[in-house]
Amino acid sequence: MYWLFNSSIGRKFIMSISGIFLVLFLLFHLSMNLTLLFSTDAYDLICEFLGANWYAIVGTLVLAGGVIIHIGYGTWLTLLNKKARGAERYASSNKTKTEWAAKNMWVLGFIIFLGLVIHFWNFWFNMQFAELIHSPNAVTQGSELVIALFSQPLFVVIYLVWLVALWFHLTHGVWSAFQTLGWNGKLWFSRLQVIANIVATVVMIGFAAVPLFFLITK
Amino acid sequence: MEKIINITLKVWRQKGPKVKGDFETHRLEGISGDTSFLEMLDILNEQLIHEGKEPIVFDNDCREGICGMCSLYINGHPHGPDDLITTCQLHMRHFNDGDTITVEPWRSAAFPIVRDLMVDRYAFDKIIQAGGYTSVNTGGVPDANAIPIPKVDADEAMDSASCIGCGACVAACKNGSAMLFVSAKVSQLALLPQGRIEAKARVKAMIAKMDELGFGNCTNTRACELECPKGVSISNIARLNREFLTAKFND
Amino acid sequence: MIKLDAKIPKGPLAEKWANYKDHQKLVNPANKRRLDIIVVGTGLAGASAAASLGELGFNVLSFCIQDSPRRAHSIAAQGGINAAKNYQNDGDSVYRLFYDTIKGGDYRAREANVYRLAEVSGNIIDQCVAQGVPFAREYGGLLDNRSFGGAQVSRTFYAKGQTGQQLLLGAYSALSRQIHNGNVKMHTRHEMLDIVIMDGRARGIITRNLVTGEIERYAAHAVIIATGGYGNVFYLSTNAMNSNGSVAMQVYRKGALFANPAYAQIHPTCIPVHGDYQSKLTLMSESLRNDGRIWVPKKLEDAKAIREGNLKPTEIAEEDRDYYLERRYPAFGNLVPRDVASRAAKERCDAGYGVATTGLAVFLDFSEAIKRLGKKTVEERYGNLFQMYEKITADNPYETPMMIYPAIHYTMGGIWVDYELMTTIPGCFSIGEANFSDHGANRLGASALMQGLADGYFVIPYTIQNYLADQIQVKHINTDSPEFVEAEKAVRERIERLMNIQGERSVDSLHKELGHVMWEYVGMGRTKASLEKALTRIKEIKKEFWSNVRIPGEADSLNTELEKALRVADFIDIGYLMALDGLNRNESCGGHFREEYQTPDGEALRDDARYSYASCWEYKGEDKDPVLNKEPLDYEFVQRQQRNYKS
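Protein chains in written order, with our numbering: chain F, 481 to 698; chain E, 27 to 277; chain W, 87 to 733.
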């Protein structure tokens, strides 16, 4: 299994698998969020069910692992690729008409990471983490946090920027993951691109719906 | 109507791999649109020789788009701003009067500059030497028609095999990755029964060599296939990934 | 005078090669490891020879001037490779391929060599398929064939319009495998500048490292020259920019003979010349003549209107078009051999029917084929060629006829070799286009690839052993020996002499001047007067070159102008030899057309009684004319006839 570290395709394989895992998590997280639009009670029930229970902890750890691997490998690959490019840059730059996202995956990833930090500070820090350290301020009613946060336009804007970055990241990331896994060909290429765009759009609109809903209905 | 243009050229000059290089600017007047890009450089070199200067060094040979020797990065594109051609097939009719044209060598850590616009692409040969062949000796092979091959497979193998090894894929790639080149050869042989026999060993050896030589990791930007003078598709890269992963998981 | 012995084995034609192989000397595996072989050039012949010899266990040193062995000019061959497989059941056979080649070569080739070539042609296809060469196939999965000039059967195997590329990549991959296995040591960007002779045998070469400018010495038990043809004497040709005849001249100066220099092939279907700055002519594959029809306007005034841009070719009515090949050669039509098609085009243009602004072009028209087969089929067959044409000319051949004109493409002449492909220097062999052996006075389409690979895969690996078997006692040769020192010194002096001229003229300008003289006076139609004029002019150019060339930069560093100068110096001498040979040969045959010698309807008129020999020129010194040796061509098996492609 050494090849997962020392071969280019091995490293890309890890990126793809961790990426697909994170996309699946996003879809799970999304389904949870969307309950908010119908019933804050249902949402709170899910929050309570997860809380700081062992399965939620395990899930969080696995997820953290996935995020760390994805970011770690992404950064490592970016550094390796910078080196492979050589010291001199093109003076006439690179005018090949590629997808913009494809060339800026690390930057987009970094924006997503910053968003994640804010997101953790907004929610996880006040909920699971607070529960774990038995803080008296721990919040179990997640919906309260959501409503309070998204009544502030600044945070809504921050979250929307975050989601746009995520959209770009996914439009490339999803089909690219399949390409790296070898599941692509002349026929499948356009299909996978469509699938990637659909997934990215569903994720973006789905997640954006919640803050916008609470901003408008406040 | 024959188009006649005046242009300004910004050309990269560099004495050797370790020496610092820089751009040199030249004016050229009365260039016909029917002149090929390399002929335009010939005209400039003729001028330089007359001025007692050293001509600009650039690789070129067949001048009909098949040997893969010419390798200029022109105005932000490997092989210049036209599709499906090599530098030698680029004609001046694609430029306008008064244009400034920037000419650079391929830039990639695995392709060190030899002189001016000439780079060393022997890394590609090393990758082929690592396994880009079928291990058959001369003689003692079966009749050519002994193994029928479906036309679709043969045609697709031919499309992959049309790679000319010019290195435009590496030059265009922001990661300096050689995946399109490697995948073209791996695909050609993986699609044919003659190549299947050693497919697993081949793909592992070629990827190992590619990584060792300092080429980057593919991030599927597709710049390679967009700039490839022969239109080699990244579906080859998907096949390469598939071949490599299956080979590794079968170990 | 040298006593020439072609060493043709005895026996009936069909048994000669088998007999030879049965009785030749071989080298055992343990001894092979002790023998070094230098192969110069990595085209089809050089790469296949180096790979095959490496597989046998010899120590091979391979050299090429490009940055990779894969870039040799064989890569540019488009149409295909002939082989007598008779897969089409259309009556092909080894004998028929042999006969077509002999006839196509206007009865100026050596029977035994050509028969051997036809005999091994089938093995080449087998070998290439085993290497993974993606030849075109039919829906049933079997190999497809097309037809080429000079044949009435379909025996040409092809890989789209890139057959040469695919065959070379096959040979290159076999070579790469031997490099990987350590049997071949590859030296790229190295140019051979002289051969080293010790005790009368070829024992090594002197090269220049094109990156560093260093002069280097390499020794071996035998040297194989596979450096291609000298078509660039004409400056404008379909050859690559770096293709050259210098190695042929180096061995010629050291005792090899230069045979039939006048036999140069002019390919009928090239993109016409368009300006003074032009550096190269692009070939449009002969395969286009399978479906394309060649014509010029029937009326002089139409031709004039087209030249002036007042009339479009598509506006000319069917009955006003002169399909002159179909008219003159009903049996072969557009698929007559290259020399015939080229001369017919020149005849029409000289008579004032030429098109393009220069009047030096004819039409190659696909409208009928598109009507008959549909655009899709035409695109499948010739798509890449059409694209290439459009990129260069900005004309779309699906809509308007292509314009083509003959251009220098291949040289049948070359270093004289015997049946074993050895030159008159023992231990120095020559294969592929570099030698003179198999095509006589004209080469048929799709036969160059066949000859290159036949020589490299299936002939030299045998015949070289017959020589090396006597060399197994010879230790690795020391490059410090006086012969090497002497040869290196001579090379350095030649370079120094060139560098010190520091005149006014660029190498290219002199090369262009030579090219004009060659095309004008030693081109498609030659006369006694034109050849004599050429000799005078070439002498002048030589004088001008050696007194007024300017080479900037230093000799001991990368210097492309010096590389070119060294080659052009030799082109000048080859040009002289060509004119001399053309003047000697008072007949017309194949690619050598003397206007004084033609039939009433303008066909080449041979003189078998006086010129049935290969002219083999022997070097006698820098300022002396060479001496002519003759290798008689005795036709034992084929009845010589006037070539007939009419009925």
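Backbone N, C-alpha and C define an ideal beta-carbon position, used for all residues, glycine too. Please read these numbers as outputs of a predicted model, since none were measured by experiment.
Under 8 Å from the C-beta of residue i: neighbouring residues of chain W
i: L218(E); result: G218, P220
Cβ-Cβ separation, residue j to residue i (assumed contact under 8 Å), whole Å
i: C254(E); j: C195(E); result: 6 Å
i: A520(W); j: N168(W); result: Incorrect: roughly 20 Å between the Cβ atoms, too far for contact.
i: Y683(W); j: N672(W); result: 7 Å
i: G677(W); j: I352(W); result: 6 Å
i: G463(F); j: Q608(F); result: Outside the shown range of chain F (481 to 698) lies residue 463(F), about which nothing can therefore be said.
i: F207(E); j: F270(E); result: With a Cβ gap of about 15 Å, F207(E) and F270(E) do not count as contacting.
i: D280(W); j: I291(W); result: 7 Å
i: L121(W); j: Q557(W); result: 7 Å
Chain E contact residues for residue i, given Cβ-Cβ distances below 9 Å
i: Q364(W); result: D60, T61, S62, E65
i: L130(W); result: Simply none; closest approach about 13 Å.
8 Å Cβ cutoff, residue i in contact with chain E
i: D212(W); result: yes
i: K246(W); result: yes
i: R157(W); result: yes
i: A277(W); result: A small correction: the amino acid at residue 277(W) is Glu; Ala does not occupy that position in the sequence shown. No, its Cβ sits nowhere closer than 8 Å to a Cβ of chain E.
i: V635(W); result: no
i: D594(W); result: yes
i: D642(W); result: no
i: I489(F); result: yes
i: T660(F); result: yes
i: W601(F); result: no
i: Y409(W); result: no
i: N557(F); result: One point to set straight first is that residue 557(F) is Leu, not Asn, in the sequence displayed. Yes, its Cβ sits closer than 8 Å to a Cβ of chain E.
i: L560(F); result: yes
i: M536(W); result: no
Chain F contact for residue i (CB, 8 Å cutoff)
i: F207(E); result: no
i: I154(E); result: no
i: L271(E); result: yes
i: I233(E); result: yes
i: I111(E); result: no
i: T51(E); result: no
Chain-ordered neighbours of residue i on chain F, where CB pairs are closer than 8 Å
i: N276(E); result: Chain F residues near N276(E): none, gap ~12 Å exceeds 8 Å.
i: Y99(E); result: Y570, S572
Proximity test, residue i beta-carbon vs the ligand ADP heavy atom, cut-off 7 Å
i: T272(E); result: The ligand ADP is not part of this structure, which contains no ligands at all.
Nearest neighbour of residue i, chosen from the options [CA to CA]
i: Y304(W); options: I88(W), N145(W), H109(W); result: N145(W)
i: S487(F); options: F150(E), D237(E), N267(E); result: D237(E)
i: A257(W); options: E141(W), R424(W), I511(W); result: E141(W)
i: A273(E); options: M232(E), T247(E), G193(E); result: M232(E)
i: N564(W); options: V282(W), P423(W), G688(W), I581(W); result: V282(W)
i: A306(W); options: R696(W), S138(W), A288(W), V319(W); result: A288(W)
i: P492(W); options: C435(W), I517(W), A620(W), V126(W); result: C435(W)
i: I592(F); options: A645(F), A676(F), K563(F); result: A645(F)
i: T164(E); options: G513(W), A135(W), A170(W), E506(W); result: A135(W)
i: T242(W); options: R194(W), M489(W), A163(W); result: A163(W)
i: G609(W); options: E689(W), A665(W), L554(W); result: A665(W)
i: L588(F); options: T651(F), I675(F), N513(F); result: T651(F)
i: V683(F); options: W586(F), W642(F), A582(F), E528(F); result: W642(F)
Contact list for residue i against chain E, beta-carbon separation under 7 Å
i: S670(F); result: By Cβ distance, chain E contributes nothing, its closest Cβ being about 11 Å from S670(F), past 7 Å.
i: F493(F); result: L271
Chain E residues whose Cβ lies nearer than 8 Å to that of residue i
i: R263(W); result: Q155, Y159, S161
i: E141(W); result: N163, T164
Within chain F, the residues that residue i reaches when beta carbons sit closer than 7 Å
i: H103(E); result: K575, T576
9 Å Cβ cut-off: residues of chain W touching residue i
i: K177(E); result: A222, R223, E224, Y225, G226, G227, D230
Short CB-CB distance (under 8 Å) between residue i and chain W
i: I260(E); result: no
i: D123(E); result: no
Sequence ranges, alpha helix (DSSP H) only - wholly within the stretch 147-189 of chain E, length at least 4: 148-155, 177-187
message: List, from N- to C-terminal side, the beta strand (DSSP E) runs of 3 residues or more that fit wholly inside the stretch 350-436 of chain W.
response: 350-356, 379-383
- request: For the stretch 277-363 of chain W, list the alpha helix (DSSP H) runs that are entirely contained and at least 4 residues long, ordered along the chain.
  value: 332-339
field: Complete runs of the alpha helix (DSSP H) confined to the stretch 496-552 of chain W [at least 4 residues]
entry: 534-539
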